Amino acid sequence: MGKRLDELRGHLGVVADLGAASGVLGWDQQTYMPSGGAPGRAMQLSTLSRLAHERFVRDEMGESLEAAESEIAGLDPDSDQVRLVRKTRRDFDKARKVPPEWVGEFSRITALAHQVWEKARAEADFSRFQPHLERIVELRRRYVDFFAPYDHIYDPLLDDFEPGMKTAEVKAVFDELRPQQIELVQAIAERGAPVDDSPVRQRFDEQKQWDFGMEVATAIGYDFDRGRQDKSVHPFTVGFGTGDVRITTRFDPNFLNTALFGTMHEAGHAMYEQGVNPDFDRTPLGDASSMAIHESQSRMWENLVGRSRTFWVAFYPRLQEVFPGKLGEVDLESFYRAINKVERSLIRVDADEATYNLHIMLRFELEIELMEGAVAVAELPEAWNTKFQEYLGLVPSDDAEGVLQDVHWSGGMIGYFPTYALGNLIACQLWAKIEDDIPNLKRVIERGEFGDLLGWLREHLHRHGAKFEPVELLSAVTGSGLTARPYLRYLREKFEEIYNL
Ligand code: ZN
């Protein structure tokens, strides 16, 4: 590595360290911090993120970046060095386009909006949140202006989570997906054979749930020498470099799925981060390629592996041993059906595999209409309920169950939602390729062996970190761009069988 590139890495390392320190404080805030620590912690986090931002956008970084750019001229465009410089240039130019005044205003407005949203949701009172969301949408419109010209007003927002991806691409894929997914969910509700989920809705001892989840996470390949699991209200994964990637989970004493599949989901995220090339630590390449690629990994382990029959061939006897009184008399087939029960419901985070994307497409469409000005913030609850009725056949009884349910908008996170659905699609695109590459995949999973699968993911995906943009990576690995087809095929095959359609 050249001297200039070394210098650039030195500067980037400081920014990354500040980010990691914020990460540790954020992890502590959601796991062990006493409630009295909240005001102080908010100040600490705000100071660290301001320092990281200032360090990143200062002139010295720009000069160091330019020097590195001339040093790497002529190197292989796909080399780590060139990709590091290119990614840094992309992030740097984006960060420099946003004036510090906007950043300050945005963090002030969203901090306040978050507090108001919590109350508004508790009281199911949208009118209370409305003026705050209006200000957020206004600020987001100003943000988008910093990146003009663009093809679509939503593009700069999406780009923060899916580098290089365009709104038009997502729309095209969702347009193909939406009618078919609605039709499948309707068919299940109207003509599906009944599925009994009472086996997973019993009282399950929390410690035993914890132990079994740890056993599964270890078996699938989550490395506890470089990770740990704790409890939190909302499960999450956070990494501070490849040597320390942590997950959290939560328990429902009367529902087995919550902790079990939550742990597999977060372990999927964490194994991705643990698998990044350690040379990328403390640089922008040490991140994920995108949020959708990240989510593809969690969904793959949670659903394609965890909710499959093959996985439970290996693990169900063990689970029966842990809960003999609850599951001893329940056969594998009944258990498989119970964990895959489909139900049209109001709350996104509780949604099953077949209905989940409908919750997401609804939010994506409303965000676009908000940004375009086609729907005013004041009209949002009604627009929400109309779409909900159309997609899921239900109407929320109040706004707490409807438009107020998610935290994202109160934090100004517009553009994030589609990544959840894209993660589901990408997981299936990758899976189709994995099945081609590992012909005996089902047999090894039935034996509880995951080395081939994890090895494939490490080799093709994980190790690259953020070296490639999501669509570029996906195309390189699967030979095609974003498409809904493998996902739709998977959903149909799985649920037509379970529901005898
Ligand atoms: Zn996730």
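Using the working numbering, you'd call the opening residue of the sequence shown number 1 and step up by one each time. Backbone N, C-alpha and C fix where the C-beta goes; we use that ideal spot for every residue, glycine too. All values reported here derive from a predicted model rather than from experimental measurement.
Taking the straight line between their C-alpha atoms, what separation do you get for Y420 and G448? Reading the sequence shown from its first residue, position 420 is the one you call residue 420. Reading the sequence shown from its first residue, position 448 is the one you call residue 448. Each residue's Cα considered, the two are about 28 Å apart.
Sequence-distant residues of the same chain with beta carbon closer than 8 Å to L404, five excluded per side: If you number the sequence shown from 1, residue 404 lands on position 404. So the qualifying residues of the chain are W117, A120, R121, A124, F126, F129.
Can you pull the DSSP bridge partners for G239? As a working mapping, residue 239 is identified with position 239 in the sequence shown. DSSP lists V245 as partners of G239.
Residues that D205 bridges to, as DSSP identifies them: Within the sequence shown, numbered from 1, the residue matching residue 205 stands at position 205. D205 pairs with nothing; no bridge assigned.
Under 7 Å Cβ to Cβ from I498, same chain only, skipping five residues before and after it: list those, please. One-based indexing of the sequence shown puts residue 498 at position 498. Hits under 7 Å: V195, R337, N340.
Every unbroken beta strand (DSSP E) inside the segment 415-467 [3 residues or more]: none
Once the 5 residues before and after E372 are set aside, which same chain residues still bring their CB inside 7 Å of it? If you number the sequence shown from 1, residue 372 lands on position 372. Around E372: I153.
Close beta carbons around F224, own chain, < 7 Å, minus the five adjacent residues each side: As a working note, residue 224 is residue 224 in the sequence shown. Closer than 7 Å at the Cβ level, and outside the excluded window around F224, lie T218.
Determine, using beta carbons only, whether T249 and Q274 come nearer to each other than 8 Å. As a working note, residue 249 is residue 249 in the sequence shown. As a working note, residue 274 is residue 274 in the sequence shown. For T249 and Q274, no; Cβs fall outside 8 Å.
Per DSSP, what are the beta-bridge partners of K231 in this structure? Along the sequence shown, one-based indexing puts residue 231 at 231. T249.
Alpha carbon of P396 to alpha carbon of L139, nearest angstrom: Taking the first residue of the sequence shown as position 1, residue 396 is located at position 396. Taking the first residue of the sequence shown as position 1, residue 139 is located at position 139. If I take the Cα positions, the gap works out to 29 Å.
Pick out every residue whose C-beta is nearer than 6 Å to a heavy atom of the ligand ZN: which are they, in chain order? H265, H269, E295, S298
Rank H53, G415, T242 by C-alpha distance to the C-alpha of P100 and give the top, closest one. For this step, residue 100 is matched to residue 100 along the sequence shown. Selected option, being the one with the closest Cα: H53.
Going by alpha carbons, who is nearest to V98 out of R89, L112, D145? Start at 1 with the first residue of the sequence shown, and residue 98 comes out as number 98. The shortest C-alpha separation from V98 is found at D145.
Taking the beta carbon of E71 as the centre, do at least 16 other beta carbons fall within 10 Å, making it buried, or is it exposed? As a position in the sequence shown, residue 71 is number 71, starting the count at 1. Buried, by the Cβ-count rule.
Reducing DSSP to helix, strand and coil, say where N254 ends up. Taking the first residue of the sequence shown as position 1, residue 254 is located at position 254. Of the three classes helix, strand and coil, the one that applies to N254 here is coil, per DSSP.
Where does S79 land, buried or exposed, given buried means 16+ other C-beta within 10 angstroms? Locating residue 79 in the sequence shown gives position 79, where the first residue counts as 1. Exposed, by the Cβ-count rule.
How many Å lie between E379 and E134 at the Cα? Here residue 379 is taken as the residue at index 379 of the sequence shown, counted from 1. Here residue 134 is taken as the residue at index 134 of the sequence shown, counted from 1. In a straight line, the C-alpha of E379 is about 11 Å away from that of E134.
Close Cβ partners of P199 (< 7 Å) along its chain, the five nearest in sequence each way excluded: One-based indexing of the sequence shown puts residue 199 at position 199. So the qualifying residues of the chain are L327, V330, S334, F335, A338.
Please state the DSSP three-state secondary structure of K97. Mapped onto the sequence shown, residue 97 falls at position 97. Here K97 sits in helix by DSSP.
Am I right that C521 and Y356 are in contact with their C-beta atoms under 8 Å? What's the rounded C-beta distance? No answer is possible for residue 521: it lies beyond the span of the chain, which begins at 1 and ends at 501.
Count the other CB atoms, across all protein chains shown, that sit within 10 Å of the CB of E353; report buried if there are 16 or more and exposed otherwise. As a working note, residue 353 is residue 353 in the sequence shown. The residue is buried, with at least 16 neighbouring Cβ atoms inside 10 Å.
What residues in its chain sit with their C-beta under 6 Å from that of L112, if we drop five residues either side in the sequence? One-based indexing of the sequence shown puts residue 112 at position 112. Cβ neighbours of L112 within its own chain (closer than 6 Å, five residues either side excluded): none.
Report yes if the C-beta distance between G221 and M271 is below 8 Å; otherwise report no. Here residue 221 refers to the residue found at position 221 when the sequence shown is read from its first residue. Here residue 271 refers to the residue found at position 271 when the sequence shown is read from its first residue. Against a cut-off of 8 Å, the Cβ pair of M271 and G221 comes out as a contact.
Assess contact between the segment 279-287 and the segment 155-162, defined as three or more Cβ pairs (one per stretch) separated by less than 8 Å. Is contact present? no
For the 8 Å Cβ check, are there 3 or more pairs between the segment 230-249 and the segment 20-31? Judged by Cβ distances under 8 Å, the segment 230-249 makes contact with the segment 20-31, as three or more pairs qualify.
Am I right that I293 and L473 are in contact with their C-beta atoms under 8 Å? What's the rounded C-beta distance? Here residue 293 refers to the residue found at position 293 of the sequence shown. Here residue 473 refers to the residue found at position 473 of the sequence shown. The pair is a contact, with the Cβ atoms about 7 Å apart (cut-off 8 Å).
CA-to-CA distance, M43 to D398, given in whole angstroms: Sequence index remark: in the sequence shown, residue 398 carries index 398 (1-based). Sequence index remark: in the sequence shown, residue 43 carries index 43 (1-based). Roughly 35 Å separates the two Cα atoms.
Sequence-distant residues of its chain with Cβ nearer than 6 Å to M264 (five each side left out): Here residue 264 is taken as the residue at index 264 of the sequence shown, counted from 1. Within the same chain, M264 has close Cβ partners W301, E302, G306.
7 Å Cβ shell around A68 - same chain, five flanking residues per side excluded: Along the sequence shown, read from residue 1 onward, the residue named residue 68 stands at position 68. By the criterion of a C-beta distance shorter than 7 Å, A68 is surrounded in its chain by R4, L5, L8, V85, once the five residues flanking it on both sides are discounted.
Is it true that the CB of F204 sits closer than 8 Å to the CB of L256? Against the sequence shown, residue 256 aligns to sequence position 256. Against the sequence shown, residue 204 aligns to sequence position 204. Yes. Within cutoff.
Here's the rule: buried if 16 or more other CB atoms are within 10 angstroms of the residue's CB, otherwise exposed. What is S64? Position 64 of the sequence shown, counting from 1, holds the residue named residue 64. With 16 or more other Cβ atoms inside 10 Å of its own Cβ, S64 counts as buried.
Any heavy atom of the ligand MN closer than 7 Å to the beta-carbon of D352? Inclusion of the ligand MN in the displayed structure is not the case, the ligand content consisting of the ligand ZN alone.
Quick one: Cα of V82 to Cα of S289, how far? Position 82 of the sequence shown, counted from the start, is the residue given in the question as residue 82. Position 289 of the sequence shown, counted from the start, is the residue given in the question as residue 289. Rounded to the nearest angstrom, the two C-alpha atoms are 16 Å apart.
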